[in-house]
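Chains Z and U are the protein sequences, given in the same order.
Residue 794 in my numbering sits at position 150 of the first sequence, and the numbers go up by one each step.
Residue 329 in my numbering sits at position 203 of the second sequence, and the numbers go up by one each step.
A virtual CB, placed ideally from N, CA and C, is assigned to each residue, including glycine.
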Amino acid sequence: MSTTFAPDVIPANSIARRTGPSFPALTGLEIRKSLSTRSGKTVAALAVLIGPLGVLIATLGSAGGVVPAAMAIGIIGMLIALVLLALGVLSTAGEWTHKSVQTTYLLVPQRNRVLAAKATAMGLLGLVLAALGVGLAVGTLALVTPGVVWFAATQAVIAVIAAGAAFAVIGAGIGAAIGNSAAAMTGTYLTFLGILPIISTVKPGFAAKVDPAASIQELAQHGPSVTPIAVITSWVIVSTVAGMVITRRRSVA
Amino acid sequence: MIRVSGLTKKYGDRTVVDQVSFELEPGTVTGFLGPNGAGKTTTMRMITGLVPNSGGQALVAGKPYTELPNPGAVMGTLLDAGAVHPGRTGRMHLRLLASALGVPVARADEMLELVGLADAAGRRIGGYSLGMRQRLGIAAALLADPPVLMFDEPANGLDPEGIRWMRDLLRGHAARGGTVLLSSHILSEVEHTVDRLLVIGAGRIVADGPIHELLAGDGTVVRALDPVALSGVLRVAGLDATMQPDGAVLVHGAAPERIGGLAAANGLVLTDLRPADRGLEDLFFQLTDAS
Numbered sequence: 645m646s647t648t649f650a651p652d653v654i655p656a657n658s659i660a661r662r663t664g665p666s667f668p669a670l671t672g673l674e675i676r677k678s679l680s681t682r683s684g685k686t687v688a689a690l691a692v693l694i695g696p697l698g699v700l701i702a703t704l705g706s707a708g709g710v711v712p713a714a715m716a717i718g719i720i721g722m723l724i725a726l727v728l729l730a731l732g733v734l735s736t737a738g739e740w741t742h743k744s745v746q747t748t749y750l751l752v753p754q755r756n757r758v759l760a761a762k763a764t765a766m767g768l769l770g771l772v773l774a775a776l777g778v779g780l781a782v783g784t785l786a787l788v789t790p791g792v793v794w795f796a797a798t799q800a801v802i803a804v805i806a807a808g809a810a811f812a813v814i815g816a817g818i819g820a821a822i823g824n825s826a827a828a829m830t831g832t833y834l835t836f837l838g839i840l841p842i843i844s845t846v847k848p849g850f851a852a853k854v855d856p857a858a859s860i861q862e863l864a865q866h867g868p869s870v871t872p873i874a875v876i877t878s879w880v881i882v883s884t885v886a887g888m889v890i891t892r893r894r895s896v897a
Numbered sequence: 127m128i129r130v131s132g133l134t135k136k137y138g139d140r141t142v143v144d145q146v147s148f149e150l151e152p153g154t155v156t157g158f159l160g161p162n163g164a165g166k167t168t169t170m171r172m173i174t175g176l177v178p179n180s181g182g183q184a185l186v187a188g189k190p191y192t193e194l195p196n197p198g199a200v201m202g203t204l205l206d207a208g209a210v211h212p213g214r215t216g217r218m219h220l221r222l223l224a225s226a227l228g229v230p231v232a233r234a235d236e237m238l239e240l241v242g243l244a245d246a247a248g249r250r251i252g253g254y255s256l257g258m259r260q261r262l263g264i265a266a267a268l269l270a271d272p273p274v275l276m277f278d279e280p281a282n283g284l285d286p287e288g289i290r291w292m293r294d295l296l297r298g299h300a301a302r303g304g305t306v307l308l309s310s311h312i313l314s315e316v317e318h319t320v321d322r323l324l325v326i327g328a329g330r331i332v333a334d335g336p337i338h339e340l341l342a343g344d345g346t347v348v349r350a351l352d353p354v355a356l357s358g359v360l361r362v363a364g365l366d367a368t369m370q371p372d373g374a375v376l377v378h379g380a381a382p383e384r385i386g387g388l389a390a391a392n393g394l395v396l397t398d399l400r401p402a403d404r405g406l407e408d409l410f411f412q413l414t415d416a417s
């Protein structure tokens, strides 16, 4: 039998917990923080609503004909993922921009632990919001869009939900690495919506190996394959590691 | 409770904090003074691990701050009242901190009441004045009722009533055995609040001691019914006595006992007799100009 002694640095009559928050508690706290501001709530709502809105707009402007569900869900998934990217960026870069990172690291000084909790929180939020968004989009597609062919729709839904989670984590890593909301958002969207599409036009073979947004479409339409999974995974790993390494070294002004 | 030894911060070739050492004991309020850029804030940030140090060590309750199991429960820190998300309400901000600290959520409302922000609890922090943000920062630091408080310029933006409230709060904390480190530019406020002074100039500690010792001058202020006669007696005794515009006589290099004895021996009636104190402002400029 072992006995755990409480650390003596915290007064015996303290009203506070004797240890720091557990990892699940810290993750829950990061989810609450992300949804406690108007910008966080707005981005989360947009992630859920952009799918059905996209379906409605596309249906209204459509000339009719056959609509492959997997392709439609893939396109919707890209939109949802790009919004969740912003949620991730704001969760980390926003803290540096508003300097609230100071309070965060005063209470939990283990920066990598905080970032790991943020990444987990963004992954979970991304999963839930992408599931809600794609669920509503599929429902809208079924209700209002004529001529939908539902072949491979399930794999597309799964791909979009997983990609939503991954993009939120990628955003958190990029935001942590750059440490400034405006710069991180501008740089991220310039890369995803400007540079990568240009590369895709000029060198499509190379773009398929680096463009995570195109990888969502690939996964949704053609099912699991190594290249798109590796592309998205690489973005998750590189952005998260970059965020952790840079955050660890950065002074909190 | 706070032990700092040889703490140093260098940015390239520039040393902004140079071998700073001090130790703060429970039951005291210590004022941390220095001109802008002297190294106060950097020292405080190094104590909390927000800024990595280039050398030396800072311990809070015997451990580096970053190794404390729940650091916010040991030291309540206010470094920058603006370091809050403007989109959250004051109540939400404190509730999130309460969750991180593991204190009851109801504590957030108690602290808002204590700092006088109960009416503004539901408003977004972006709409708070600087003084309100300072109060919110103080509420955050007090959430876990920690034994150590470290405040950087907490009086900025506070009105006179707020400054008095903060002084009572810090004095009360020390009276209950707490340790307080307070940096401030408002010298009169520091003079009335602290027991001990740490003065930093150009990154180095230039004075460290009880405030009454540091402010004590080397002379005596004396008033008499007949100041002219008193001045004459003092000069005859070989003392450097100077008549002040307000009628007092300032005697350099003599203790009150000697002045009192001379006056009694010459039958002069004294109305005031006390050691000459330097003002904190004089001391501050003397120390920091020299550094």
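Suppose contacts are defined by Cβ-Cβ distances below 8 Å. Is G304/U in contact with V274/U by that definition?
In contact: G304/U and V274/U (Cβ atoms closer than 8 Å).
Check whether the Cβ of Q746/Z lies closer than 8 Å to any Cβ atom in chain U.
Q746/Z counts as touching chain U.
With DSSP as the reference, please indicate the residues paired to A184/U in a beta bridge.
Per DSSP, V130/U.
Is the CB of A763/Z under 8 Å away from at least one CB in chain U?
No, no contact with chain U.
Taking all protein chains shown into account, do 16 or more other C-beta atoms lie within 10 angstroms of the C-beta of N162/U, making it buried, or fewer, making it exposed?
It counts as exposed.
Give the DSSP bridge partners of R140/U, in chain order.
Note: R140/U sits in a beta bridge opposite Y137/U.
Using a Cβ-Cβ cut-off of 8 Å, state whether M218/U counts as contacting chain Z.
So yes, M218/U belongs to the interface.
By DSSP, does S658/Z sit in helix, in strand, or in coil?
DSSP places S658/Z in coil when its eight states are reduced to three.
Let me know the secondary structure DSSP gives I331/U once reduced to three states.
Residue state, collapsed to three classes: strand.
How about I890/Z: is its C-beta nearer than 8 Å to some C-beta of chain U?
It does not: the Cβ of I890/Z has no partner Cβ on chain U nearer than 8 Å.
Drop a sphere of 10 angstroms on the beta-carbon of P753/Z, count the other beta-carbons inside from all chains shown, and report buried for 16 or more, exposed for fewer.
By the 10 Å Cβ count, P753/Z comes out buried.
Under 6 Å Cβ to Cβ from I659/Z, same chain only, skipping five residues before and after it: list those, please.
Excluding residues within five positions, none has a Cβ falling inside 6 Å.
Please name the residue in P272/U, R384/U, L360/U, L256/U whose C-alpha comes closest to that of R661/Z.
Closest option to R661/Z, Cα to Cα, is P272/U.
Who are the near neighbours of L787/Z in its chain, counting only those whose CB is closer than 8 Å to its CB and skipping five residues on each side?
Nothing meets the Cβ criterion.
What does Y749/Z touch in chain U if you count any residue whose Cβ is under 7 Å from its own?
Per Cβ cutoff of 7 Å: L176.
Among the candidates A402/U, V231/U, P286/U, D408/U, whose CA atom is the shortest distance from the CA of G257/U?
Measuring from the Cα of G257/U, the nearest candidate turns out to be P286/U.
Helix, strand or coil for L174/U per DSSP?
It should be pointed out that residue 174/U corresponds to Thr in this sequence rather than to Leu. It is helical.
State the DSSP-derived secondary structure class of A281/U, mapped to helix, strand or coil.
It is coil, neither helix nor strand.
If we count the other Cβ atoms within 10 Å of its Cβ and call it buried at 16 or more, is R682/Z buried or exposed?
Exposed, since its Cβ has fewer than 16 Cβ neighbours within 10 Å.
What are the start and end residues of the alpha helix (DSSP H) that includes H866/Z?
Its alpha helix (DSSP H) spans residues 856–866.
Within 8 Å of any Cβ in chain Z, is that where the Cβ of R171/U sits?
Answer yes: the Cβ-Cβ gap between R171/U and chain Z drops below 8 Å somewhere.
Can you confirm whether the segment 853–862 of chain Z touches the segment 777–792 of chain Z when touching is taken to mean that 3 or more C-beta pairs between the two stretches lie within less than 8 Å?
Output reads no: the segment 853–862 of chain Z does not touch the segment 777–792 of chain Z.
Would you identify the three-state DSSP class for T663/Z, choosing helix, strand or coil?
T663/Z: coil per DSSP, three-state reduction.
With a cut-off of 8 Å, does the C-beta of I659/Z fall near any C-beta of chain U?
Closer than 8 Å to some Cβ of chain U, the Cβ of I659/Z qualifies, so yes.
Please classify K166/U as buried or exposed, where buried requires at least 16 other C-beta atoms within 10 Å of its C-beta.
By the 10 Å Cβ count, K166/U comes out buried.
With H, G and I counted as helix, E and B as strand and the rest as coil, what does DSSP make of A402/U?
In this structure, A402/U counts as strand in the three-state DSSP scheme.
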